[in-house]
Amino acid sequence: MTDDVLVVDSLVRRFGDLTAVDGVSFRIAPGETYGLLGPNGAGKTTTISMVAGLIAADEGTVTVAGQPMTPRTTGPKRHLGLVPQELAIYPDLTGRENLALFGRLQGLRGAALRGRVEEVLSLIGLADRAKDRSKEYSGGMKRRLNIGIGLLNRPTLLILDEPTVGVDPQSRHAILESVEALSGEGMAVLYTTHYMEEAERLCDRIGIIDSGRLQAEGTRDELVRLIGGVDTIRLGGTGDLAGAADELRRIPGVERVETERRSAVLTVKDAPALVAQVVGTAAAHGVTLADVEISRPDLESVFLHLTGKGLRD
Numbered sequence: 000m001t002d003d004v005l006v007v008d009s010l011v012r013r014f015g016d017l018t019a020v021d022g023v024s025f026r027i028a029p030g031e032t033y034g035l036l037g038p039n040g041a042g043k044t045t046t047i048s049m050v051a052g053l054i055a056a057d058e059g060t061v062t063v064a065g066q067p068m069t070p071r072t073t074g075p076k077r078h079l080g081l082v083p084q085e086l087a088i089y090p091d092l093t094g095r096e097n098l099a100l101f102g103r104l105q106g107l108r109g110a111a112l113r114g115r116v117e118e119v120l121s122l123i124g125l126a127d128r129a130k131d132r133s134k135e136y137s138g139g140m141k142r143r144l145n146i147g148i149g150l151l152n153r154p155t156l157l158i159l160d161e162p163t164v165g166v167d168p169q170s171r172h173a174i175l176e177s178v179e180a181l182s183g184e185g186m187a188v189l190y191t192t193h194y195m196e197e198a199e200r201l202c203d204r205i206g207i208i209d210s211g212r213l214q215a216e217g218t219r220d221e222l223v224r225l226i227g228g229v230d231t232i233r234l235g236g237t238g239d240l241a242g243a244a245d246e247l248r249r250i251p252g253v254e255r256v257e258t259e260r261r262s263a264v265l266t267v268k269d270a271p272a273l274v275a276q277v278v279g280t281a282a283a284h285g286v287t288l289a290d291v292e293i294s295r296p297d298l299e300s301v302f303l304h305l306t307g308k309g310l311r312d
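Take 0 as the starting number for the sequence shown in numbering that gives the first Met the number 0 and just add one per residue.
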């Protein structure tokens, strides 16, 4: 028995001459949100289809809650909540009726079913529209209902495949807030996306996938360090910037300081950890600051470094 909710080991899946997934391995712990970040066609959906037991792997294994997962196994699937990229709802049923139907399919009955349906409606922000047929919902509301269906059985592992594709900004924000709350409650989440900002906001660890291969994985900061990323602090203001620059260069972690007439640009190892000392040193040496800007390498830079192309190419 493993402490990890999900263990994916050396998965391979071929479609004829195409190897869609090529040796992918990763783990997810309880309460952790793990992101698979990559462009369309990278192998994300094929990977989660094997994780959910929808298709068989040609090579490799998947273990969910300590149990082997294959298309023929049923035990581990009880631990899953799957939210597919395509909507899986009935348009002529109300939101409440959709949840009740899928709840019955998952074995809920009576008061337990009714109570769970109301809990989920509240969680996904559709309690006030529960009596409306889902075909009357906006795209974002349909996506939230889709997520609610995946939550009915209180899964140990929730799989979300590109859940914000095609939704308006307000609904997207609501979906991301819901996902953040789920991991806080101890649920493990596998989240696929091609949006860098979603991965940075939601995911404790990120696997960068392209051409069916996991190119790298780690926290955001660990991935940025792979490319030797450094941060930039820009100080804008007046006073003796050139004189302050000499003192700023003595701060451990400051690699370079370049000055202009009304600004100084510092290249540093860890801007959030150094910014207070940098600002204090500049002020102590006669600089009146008007603004401070921090720039950090992002996952787009990492993806470009690892694959030679942009995330949305």
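We treat Cβ as the ideally placed atom computed from N, Cα and C, and that holds for glycine. Bear in mind the structure is a predicted one, so any value in this text is a computation, not a measurement.
request  = Let me know if Asp245 comes out buried or exposed under the rule of 16 or more other beta-carbons within 10 Å of its beta-carbon.
outcome  = exposed
query = What is the residue span of the alpha helix (DSSP H) that Ile47 lies within?
reply = Lys43 to Val50
message = With DSSP as the reference, identify every bridge partner of Gln66, one or two as the case may be.
response = Val63
ask   = Taking all protein chains shown into account, do 16 or more other C-beta atoms lie within 10 angstroms of the C-beta of Ala198, making it buried, or fewer, making it exposed?
value = buried
message = Could you pull the DSSP bridge partners for Ser24 from this structure?
response = Looking at the DSSP assignment, Ser24 forms no beta bridge with any residue, so it has no partner.
query = What whole-angstrom Cβ distance do Met49 and Arg13 have, given they're in contact under 8 Å?
reply = Going by Cβ atoms, the distance from Met49 to Arg13 rounds to 12 Å, so no, they are not a contact pair.
inquiry  = Our contact map puts Leu92 next to Arg132 with C-beta atoms below 8 Å; I'd like the distance itself, whole angstroms only.
reply    = 7 Å
request  = Please determine if the stretch 22-29 and the stretch 205-215 are in contact, where contact requires at least 3 C-beta pairs separated by less than 8 Å.
outcome  = yes
task = Would you grab the beta carbon distance between Gly102 and Leu112 for me? Rounded to a whole angstrom, and I think it's under 8 Å.
result = 5 Å
task = Examine the Cβ distances between the stretch 59-78 and the stretch 110-124 and report whether three or more of them are shorter than 8 Å.
result = no
task = Give the secondary structure of Met0 by DSSP, where H, G and I count as helix, E and B as strand, and everything else as coil.
result = Legend: pLDDT at Met0 = 42, less than 50; position of this residue unreliable, no value from coordinates given.
message = Starting from Ile148, trace the alpha helix (DSSP H) in both directions and tell me its first and last residue.
response = Gly138 to Leu150
Option nearest Leu120 by Cα separation, candidates Val188, Ser294, Thr62 and Leu150 = Leu150
ask   = So is Ser170 buried or exposed if we call it buried at 16+ other beta carbons inside 10 Å?
value = buried
message = Please classify Met0 as buried or exposed, where buried requires at least 16 other C-beta atoms within 10 Å of its C-beta.
response = Confidence is the limiting factor: at Met0 the pLDDT is only 42, short of 50, which leaves the residue's position unreliable and the question unanswerable from this model.
inquiry  = If the criterion is Cβ atoms closer than 8 Å, does the pair Ala56 and Leu81 meet it?
reply    = no
ask   = Where Met195 and Ala283 are concerned, what is the direct C-alpha to C-alpha distance, given to the nearest angstrom?
value = 38 Å
inquiry  = Helix, strand or coil for Gln214? Go by DSSP, reduced to three states.
reply    = strand
ask   = Which residue comes first and which comes last in the alpha helix (DSSP H) that contains Ile158?
value = Run containing Ile158: none in the alpha helix (DSSP H); it sits in the beta strand (DSSP E), Leu156 to Asp160.
message = On the DSSP letters alone, give me the boundaries of the alpha helix (DSSP H) that Leu10 sits inside.
response = Taken as a continuous stretch (DSSP letters only), Leu10 belongs to no alpha helix (DSSP H), being part of the beta strand (DSSP E) at Leu5 to Phe14.
Whole-number beta carbon distance between Ala281 and Ile234, since they are thought to touch under 8 Å = Per the sequence shown, residue 234 should be read as Leu rather than Ile. Confirmed, about 6 Å.
ask   = How would you call Pro168, buried or exposed, if buried means at least 16 neighbouring beta carbons within 10 angstroms?
value = exposed
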